[in-house]
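In this note's numbering, the protein residues as written are 23 to 404.
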């Protein structure tokens with residue numbers, strides 16, 4: 023019975039995640055699906071949580087931790103009118119007995135299917151191409167070029183993980199050739215999307231991938247320090263960007279702001295507009311003329327947490343990333359860093375690093391709750 027429920031959990035995750043992401047597409051004609059994104063997210067997260075209750079064993083410490091997190095995110099929801107933290111916590115809890123390998127298998131299915139469906143519907147005119155910026159960024163049916171970019175980023179990260187684990191080395195030549203072709207197509211689409219955040223994170227994923235072949239020659243204490251630093255630096259840099267020097271011509275922050283297409287200045291503007299609260303506040307994402315631009319969104323997930331969700335939520339979010347990084351290093355599951363660290367960096371330049379449907383590394387909670395999380399290198403097991 024547990025196996026059936028666990029399989030059902032994977033099926034619900036695959037179908038639910040696809041509907042959540044597909045509903046955000048650039049539909050030529052608005053429809054019920056495109057107008058029900060948040061309702062779908064809440065329904066899917068509750069269903070995943072409910073199924074996990076049925077097949078999972080519960081320990082007292084788990085009940086205490088999870089009850090506290092759910093209660094706290096409920097407070098954040100009341101203060102911010104945003105359900106995203108609640109959704110994330112529910113999905114994370116539901117994944118505490120699901121291996122990271124299974125999470126990635128399911129995400130790979132979802133994102134590959136989403137990419138194929140969106141590109142096909144764009145070709146037939148059901149979805150349209152959203153372009154922006156002087157470089158003509160393309161969405162090819164996705165909500166924005168950044169959403170196309172992060173879809174590709176997820177697939178690139180998983181392919182690199184599979185390569186590191188030797189998944190393709192033991193497959194026929196045809197499978198390896200198809201994987202390389204798919205990887206090449208993804209890189210071309212990533213370039214066409216013009217999504218700077220996803221491009222930067224893909225480079226980080228490749229650097230982490232290469233570095234993992236050297237881990238056996240480095241002491242554990244050095245590895246923990248090195249990879250933990252990569253995980254925390256994006257948050258520290260986010261705090262630095264709150265300095266007013268971003269408006270001083272010639273300063274480092276001013277130059278960084280130009281490179282990141284005004285993202286830094288917008289974060290600084292929101293900080294001065296709203297300040298920081300302990301338990302979150304309602305933030306309106308249209309500063310208008312006061313921001314000097316028609317685009318006024320916080321393209322930094324760490325600042326979204328700090329300004330929108332509050333200091334406590336930020337501490338939990340950043341702390342979770344650090345704990346996750348340390349845990350996979352200590353247990354020598356180094357391959358998971360290919361997913362964790364790029365999304366830690368992604369959070370500095372884009373929203374989404376705190377969303378269950380985008381940053382799937384947040385769903386690796388089983389590394390804390392399954393005593394023996396080792397899985398076969400040749401299989402993506404359930």
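No residue lacks a Cβ here, since even glycine has one placed at the ideal position from N, Cα and C. Just so it is clear, the structure is predicted and the values come from calculations on it, not from any experiment.
_Tell me which residues share the same chain as residue 39 and place their Cβ nearer than 6 Å to its Cβ, disregarding the 5 neighbours each side in the sequence._
As a position in the chain shown, residue 39 is number 17, starting the count at 1. The residues are 132, 379.
_Option nearest residue 186 by Cα separation, candidates 233, 58, 325, 203_ = As a working note, residue 186 is residue 164 in the chain shown. The option with the nearest alpha carbon to residue 186 is 233.
*Just the Cα atoms here: how many angstroms apart are residue 201 and residue 175?*
Numbered from 1 along the chain shown, position 179 holds the residue referred to as residue 201. Numbered from 1 along the chain shown, position 153 holds the residue referred to as residue 175. Approximately 15 Å between the Cα atoms of the pair.
*Taking residue 219 and residue 160 to be in contact with their CB atoms under 8 Å, please state how far apart those CB atoms are, rounded to whole angstroms.*
As a first step, residue 219 is located in the chain shown; it is residue number 197 there, counting from the start. As a first step, residue 160 is located in the chain shown; it is residue number 138 there, counting from the start. The Cβ separation is near 15 Å, so there is no contact.
*Leaving out five residues on either side along the sequence, give the residues of the same chain with a beta carbon under 8 Å from the beta carbon of residue 389.*
Working through the chain shown from its first residue, we reach residue 389 at position 367. Closer than 8 Å at the Cβ level, and outside the excluded window around residue 389, lie 122, 346, 349, 350, 353, 355, 358, 395.
_Own chain residues within Cβ distance below 8 Å of residue 360, not counting five before or after_ = Here the question's residue 360 lines up with position 338 in the chain shown. Excluding positions up to five away in sequence, the list reads 179, 182, 183, 186, 227, 230, 231, 234.
*Starting from the N-terminal side, write out each stretch of the alpha helix (DSSP H) that is 4 residues or longer and does not extend beyond the stretch 63-112.*
82-102
*Verify whether the separation of the beta carbon atoms of residue 304 and residue 102 is less than 8 Å.*
As a working mapping, residue 304 is identified with position 282 in the chain shown. As a working mapping, residue 102 is identified with position 80 in the chain shown. Yes. Within cutoff.
*Okay, do the stretch 165-175 and the stretch 73-88 touch, 3+ Cβ pairs below 8 Å being the bar?*
no
*Where are the alpha helix (DSSP H) runs, 4 residues long or more, that stay fully inside the stretch 263-341, in chain order?*
Entirely contained in the stretch 263-341, the alpha helix (DSSP H) runs reaching 4 residues are, in chain order, 274-281, 285-296.
*Does the stretch 79-99 come close enough to the stretch 51-68 that 3 or more CB-CB pairs lie under 8 Å?*
no
*Report the rounded CA-to-CA distance for residue 70 versus residue 113, giving the unit in angstroms.*
Within the chain shown, the letter at position 48 stands for residue 70. Within the chain shown, the letter at position 91 stands for residue 113. Answer to the nearest angstrom: the Cα atoms are 7 Å apart.
*asked:* Can you tell me which residues form a DSSP beta bridge with residue 149?
replied: As a position in the chain shown, residue 149 is number 127, starting the count at 1. Note: residue 149 sits in a beta bridge opposite 49.
_Proximity to residue 65 [Cα-Cα], best of 42, 274, 46_ = The sequence position of residue 65 within the chain shown is 43, counting from 1. Scanning 42, 274, 46 for the CA closest to the CA of residue 65 turns up 42.
*If you draw a straight line from the alpha carbon of residue 28 to that of residue 191, how long is it in whole angstroms?*
If you number the chain shown from 1, residue 28 lands on position 6. If you number the chain shown from 1, residue 191 lands on position 169. So the alpha carbons of these two residues sit roughly 29 Å apart.
*DSSP-derived helix/strand/coil call for residue 377*: Taking the chain shown and counting its residues from 1, one reaches residue 377 at position 355. DSSP places residue 377 in coil when its eight states are reduced to three.
_According to DSSP, simplified to helix, strand and coil, what is residue 26?_
Sequence index remark: in the chain shown, residue 26 carries index 4 (1-based). Looking at residue 26 - three-state DSSP - the assignment turns out to be helix.
*Rounded straight-line distance, which links the Cα of residue 158 to that of residue 325*: Translated into the one-based positions of the chain shown, residue 325 becomes position 303. Translated into the one-based positions of the chain shown, residue 158 becomes position 136. Distance between the alpha carbons of residue 325 and residue 158: 27 Å.
*Apart from the five residues just before and just after residue 375, which ones in its own chain have a Cβ nearer than 6 Å to its Cβ?*
Taking the chain shown and counting its residues from 1, the one referred to as residue 375 is at position 353. Excluding sequence neighbours, residue 375 sits near 323, 365, 368, 369, 381.
*Taking just the CA atoms, how far does residue 341 sit from residue 333?*
As a first step, residue 333 is located in the chain shown; it is residue number 311 there, counting from the start. As a first step, residue 341 is located in the chain shown; it is residue number 319 there, counting from the start. Cα-Cα distance, rounded: 12 Å.
*How would you label residue 241, buried or exposed, when you count the other beta carbons within 10 angstroms and need 16 or more for buried?*
Against the chain shown, residue 241 aligns to sequence position 219. Exposed is the call here.
_Could you give the first and the last residue of the continuous alpha helix (DSSP H) run that contains residue 221?_
Along the chain shown, read from residue 1 onward, the residue named residue 221 stands at position 199. Where residue 221 is concerned, the enclosing alpha helix (DSSP H) stretches over 218-233.
*What residue range is occupied by the uninterrupted alpha helix (DSSP H) comprising residue 169?*
Taking the chain shown and counting its residues from 1, the one referred to as residue 169 is at position 147. Unbroken alpha helix (DSSP H) run through residue 169: 167-186.
*Starting from the C-beta of residue 136, find all residues in its chain whose C-beta is less than 7 Å away, skip the five residues before and the five after it, and write them out in chain order.*
On the chain shown, residue 136 is found 114 positions in, with the first residue counted as 1. Sequence-distant partners of residue 136 (beyond 5 residues in either direction) whose C-beta falls short of 7 Å from its own C-beta, in its chain, are 40, 43, 44, 173.
*Would you identify the three-state DSSP class for residue 123, choosing helix, strand or coil?*
As a first step, residue 123 is located in the chain shown; it is residue number 101 there, counting from the start. Here residue 123 sits in helix by DSSP.
*asked:* For residue 147 and residue 307, I'd like the C-alpha separation in whole angstroms.
replied: Residue 147 sits at position 125 when you count from the first residue of the chain shown. Residue 307 sits at position 285 when you count from the first residue of the chain shown. As the crow flies, the alpha-carbon of residue 147 is around 30 Å from that of residue 307.
*In angstroms, rounded to a whole number, what distance separates the CA positions of residue 212 and residue 138?*
Start at 1 with the first residue of the chain shown, and residue 212 comes out as number 190. Start at 1 with the first residue of the chain shown, and residue 138 comes out as number 116. Going from the Cα of residue 212 to the Cα of residue 138 covers about 15 Å.
*Endpoints, alpha helix (DSSP H) assigned at residue 364*: Position 342 of the chain shown, counting from 1, holds the residue named residue 364. Element bounds for residue 364: 359-371.
*Mind checking whether residue 196 and residue 130 have CB atoms under 8 Å apart?*
Numbered from its first residue, the chain shown carries residue 196 at position 174. Numbered from its first residue, the chain shown carries residue 130 at position 108. No, the Cβ-Cβ distance between residue 196 and residue 130 is not below 8 Å.
*Any contact of the stretch 281-290 with the stretch 261-272, i.e. 3+ C-beta pairs under 8 Å?*
yes
*Hey, how far is the Cα of residue 239 from the Cα of residue 248?*
Start at 1 with the first residue of the chain shown, and residue 239 comes out as number 217. Start at 1 with the first residue of the chain shown, and residue 248 comes out as number 226. Between residue 239 and residue 248, the C-alpha separation is close to 14 Å.
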